[in-house]
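Chemist: I'd like to ask you about the structure that follows.
There are 2 protein chains.
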Amino acid sequence: MSVNITPIRVMLADDEHLIRGAVAALLGLEEDLRVVAEAASGPEALAMARAHRPDVAVLDLQMPGADGVAVATSLRAELPGCRTMIVTGHGRPGHLKRALEVGVRGFVPKTVSAQKLAEIIRTVHRGSRYVDPELAADAISAGDSPLTGREAELLELAEGGAPIAEIAQRASLTPGTVRNYLSAAVAKLGAENRHAAARIARAQGWL
Amino acid sequence: MSVNITPIRVMLADDEHLIRGAVAALLGLEEDLRVVAEAASGPEALAMARAHRPDVAVLDLQMPGADGVAVATSLRAELPGCRTMIVTGHGRPGHLKRALEVGVRGFVPKTVSAQKLAEIIRTVHRGSRYVDPELAADAISAGDSPLTGREAELLELAEGGAPIAEIAQRASLTPGTVRNYLSAAVAKLGAENRHAAARIARAQGWL
DNA sequence: CAGCGCTGATGACATTCGTCATCCGAAGCC
DNA sequence: GGCTTCGGATGACGAATGTCATCAGCGCTG
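For the protein sequence lines, the chains are A and B, in the order given.
Okay, so the first sequence: first residue is 27 according to the working numbering, each after it adds one.
Okay, so the second sequence: first residue is 27 according to the working numbering, each after it adds one.
Below is the structure:
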């Protein structure tokens, strides 16, 4: 690890200041990494990325404003040279799949050590990909979402426990139609009712 | 800040290795703090505390095995000399209240900086208390749970979207009785059905 | 002791919900 | 062109749910 090579410019985006600061400090100890930007929300991450043009953006999955996958999508369009990776507390299978679809090159849980994270940042910067083995196994065994677009959409509206009438109103649909779609979703997921179905879909990251 | 005073012995418990390691590194830079133990789960935190007898235990609220409040409860009984504090990602009002009831002396969100955390550890060690102002305001405005014991218990069982028959079975109650309690809970919370009520109660930390 | 609140239960009733059959139009594919 | 799939809708039926009244035992409190 030569001292004279240009360091990798890293951006950290995480709403938990404690973690962001601590990780920034630890990564700063690595000679070949330099944390050039930090952000505490989705929109802020985009703004900082535009201003500082990092080589690698390390994004938390759950942030206020816009989640990590959304930020990665925007970054891919705006800064094609910027590699993106996602760090997450509890990673659900569906999230990993969506992340890879929008060009994210790294996906790791927060249970990794800082050393390991530094290595993965290097891996991603090099152009390779890295996905946590355990999350990958979960994603593979979980498979694809069996839900159609509308089914997932209505399940999402049903999540808060709202009655069918309200869901129908918010989706500009007939109550009967809403029941049909939700019934289909419930059957596909093997749930006992729409509320349980919504929980299952959420746990799989299918929402 | 004298170099010669006995350092404060700190234990960190958090299942996210990245955060734990990074915070430990940052706190280690403070002359008067020494991280003497780390744990990644509730039971492990208890075992480490017994072995290393820290002055202050910094506990994450959500850990596998036993949550921060449960660990704090055990620590209070086993190691009365050990002060406890909770660090949490998303703190709900009810959690703060329960934590204070079991003798926790600090309650902060993960959005604080490491410097601030170090200060709070000193404050707690000194015997004072510290509660994040924003979380305190939430807790005050949220007030106490209007739910009776059984109402909360049944709402918890209803959370997964299970049908009433299953809830009744798991609670060893008549389906009719379950409906009555849940109906009362729904009325008290101003919800539209038990599923929405469960969400409301969960958001307030009343479960 | 009388009153009150919590627990537990029963029965009745209206509403909501889940399920199914059926229909239509549009889009996509062989 | 025919077939299938999906979005969207209607109507009907039974089961699950929400609501209410009512009753009874228990423990606490004034």
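Idealized CB from N, CA, C, for every residue including glycine.
Give the residues from the region 46-80 of chain A that approach chain B closer than 7 Å (Cβ to any Cβ), ordered along the chain.
Modeler: Flagged, chain order: Gly47, Ala48, Val49, Ala51 and Leu52.
Chemist: Is Ala213 (chain B) helix, strand or coil by DSSP?
Modeler: As a working mapping, residue 213 (chain B) is identified with position 187 in the second sequence. Three-state result, Ala213 (chain B): helix.
Chemist: Can you give me the start and stop residues for the alpha helix (DSSP H) that Pro159 (chain B) sits inside?
Modeler: By 1-based counting over the second sequence, the position of residue 159 (chain B) is 133. It spans Pro159 to Ala168 - the alpha helix (DSSP H) in which Pro159 (chain B) sits, taken as one unbroken run.
Chemist: Helix, strand or coil: which one does DSSP assign to His221 (chain B)?
Modeler: As a first step, residue 221 (chain B) must be located in the second sequence, where it is residue number 195. It is helical.
Chemist: For Gly202 (chain A), which of helix, strand or coil comes out of DSSP?
Modeler: By one-based count along the first sequence, residue 202 (chain A) stands at place 176. Looking at Gly202 (chain A) - three-state DSSP - the assignment turns out to be helix.
Chemist: CA-CA distance, Asn206 (chain A) and Ala227 (chain B)?
Modeler: Residue mapping note: residue 206 (chain A) aligns to position 180 of the first sequence, counting from 1. Residue mapping note: residue 227 (chain B) aligns to position 201 of the second sequence, counting from 1. Asn206 (chain A) and Ala227 (chain B): Cα-Cα distance of roughly 29 Å.
Chemist: Looking at C-alpha atoms only, which residue of B:Ser167, B:Val97 and B:Val130 is the closest neighbour of His151 (chain B)?
Modeler: Along the second sequence, read from residue 1 onward, the residue named residue 151 (chain B) stands at position 125. Closest by alpha carbon: B:Val130.
Chemist: Tell whether a beta-carbon distance below 8 Å holds between Thr114 (chain B) and Pro135 (chain B).
Modeler: Within the second sequence, residue 114 (chain B) is the residue found at index 88, counting from 1. Within the second sequence, residue 135 (chain B) is the residue found at index 109, counting from 1. Contact flag set, yes.
Chemist: Under 8 Å between the Cβ atoms of Glu182 (chain B) and Leu122 (chain B)?
Modeler: Here residue 182 (chain B) is taken as the residue at index 156 of the second sequence, counted from 1. Here residue 122 (chain B) is taken as the residue at index 96 of the second sequence, counted from 1. No.
Chemist: Going by the beta-carbon positions, is the gap between Arg191 (chain A) and Pro201 (chain A) smaller than 8 Å?
Modeler: Within the first sequence, the letter at position 165 stands for residue 191 (chain A). Within the first sequence, the letter at position 175 stands for residue 201 (chain A). Sequence inspection shows Ala at residue 191 (chain A); the Arg mentioned does not correspond to that position. In contact: Ala191 (chain A) and Pro201 (chain A) (Cβ atoms closer than 8 Å).
Chemist: Whole alpha helix (DSSP H) runs in the region 65-107 of chain B with 4 or more residues, listed along the chain?
Modeler: Correct list: 68-78 and 94-104.
Chemist: Please report the distance separating the alpha-carbon of Asn219 (chain B) from that of Ala188 (chain A).
Modeler: As a working note, residue 219 (chain B) is residue 193 in the second sequence. As a working note, residue 188 (chain A) is residue 162 in the first sequence. Cα-Cα distance, rounded: 8 Å.
Chemist: How many angstroms separate the CA atom of Ser10 (chain A) from the CA atom of Thr110 (chain A)?
Modeler: Absent from the model: residue 10 (chain A). The displayed extent of chain A is 27 to 233, so no value can be given.
Chemist: Which of the three DSSP states, helix, strand or coil, is assigned to Pro135 (chain A)?
Modeler: Along the first sequence, read from residue 1 onward, the residue named residue 135 (chain A) stands at position 109. The answer is strand: DSSP assigns Pro135 (chain A) an E or B state.
Chemist: Does Arg225 (chain B) have its Cβ less than 8 Å from a Cβ in chain A?
Modeler: Counted from its first residue, the second sequence places residue 225 (chain B) at position 199. Output row for Arg225 (chain B): interface = yes.
Chemist: With DSSP collapsed to three states, give me the class of Thr114 (chain B).
Modeler: As a position in the second sequence, residue 114 (chain B) is number 88, starting the count at 1. Here Thr114 (chain B) sits in strand by DSSP.
Chemist: Determine, using beta carbons only, whether Ser28 (chain B) comes closer than 8 Å to chain A.
Modeler: Here residue 28 (chain B) is taken as the residue at index 2 of the second sequence, counted from 1. The predicted position of Ser28 (chain B) is uncertain, since its pLDDT is 49 and thus under 50; a value taken from the coordinates is nonetheless stated next. Output row for Ser28 (chain B): interface = no.
Chemist: With three or more beta-carbon pairs closer than 8 Å as the criterion, would you say the region 75-92 of chain B touches the region 39-46 of chain B?
Modeler: These segments touch.
Chemist: For Ala168 (chain B) and Ala229 (chain A), I'd like the C-alpha separation in whole angstroms.
Modeler: As a working note, residue 168 (chain B) is residue 142 in the second sequence. As a working note, residue 229 (chain A) is residue 203 in the first sequence. So the two alpha carbons sit approximately 28 Å from each other.
Chemist: Of all the CB atoms in chain B, is at least one closer than 8 Å to the CB of Gly216 (chain A)?
Modeler: The residue you call residue 216 (chain A) lines up with position 190 of the first sequence. Not an interface residue.
Chemist: Based on DSSP bridge pairs, tell me the residues matched to Arg109 (chain B).
Modeler: Taking the first residue of the second sequence as position 1, residue 109 (chain B) is located at position 83. BP columns for Arg109 (chain B) point to B:Val82.
Chemist: Taking just the CA atoms, how far does Leu59 (chain B) sit from Ala144 (chain B)?
Modeler: Position 118 of the second sequence, counted from the first residue, corresponds to residue 144 (chain B). Position 33 of the second sequence, counted from the first residue, corresponds to residue 59 (chain B). Distance between the alpha carbons of Ala144 (chain B) and Leu59 (chain B) is about 8 Å.
Chemist: Look up Leu38 (chain B) in the DSSP assignment and say whether it is helix, strand or coil.
Modeler: Here residue 38 (chain B) refers to the residue found at position 12 of the second sequence. Strand.
Chemist: So with Cβ pairs under 8 Å, would you call His43 (chain A) a contact of chain B?
Modeler: As a position in the first sequence, residue 43 (chain A) is number 17, starting the count at 1. Yes - at least one Cβ of chain B is within 8 Å of the one on His43 (chain A).
Chemist: Work out the CA separation of Thr203 (chain A) and Ser171 (chain A) for me, nearest whole Å.
Modeler: Here residue 171 (chain A) is taken as the residue at index 145 of the first sequence, counted from 1. Here residue 203 (chain A) is taken as the residue at index 177 of the first sequence, counted from 1. The straight-line gap from Cα to Cα measures roughly 21 Å.
Chemist: Going by DSSP, which residues form a beta bridge with Val61 (chain B)?
Modeler: The residue you call residue 61 (chain B) lines up with position 35 of the second sequence. Bridge partners of Val61 (chain B): B:Val36.
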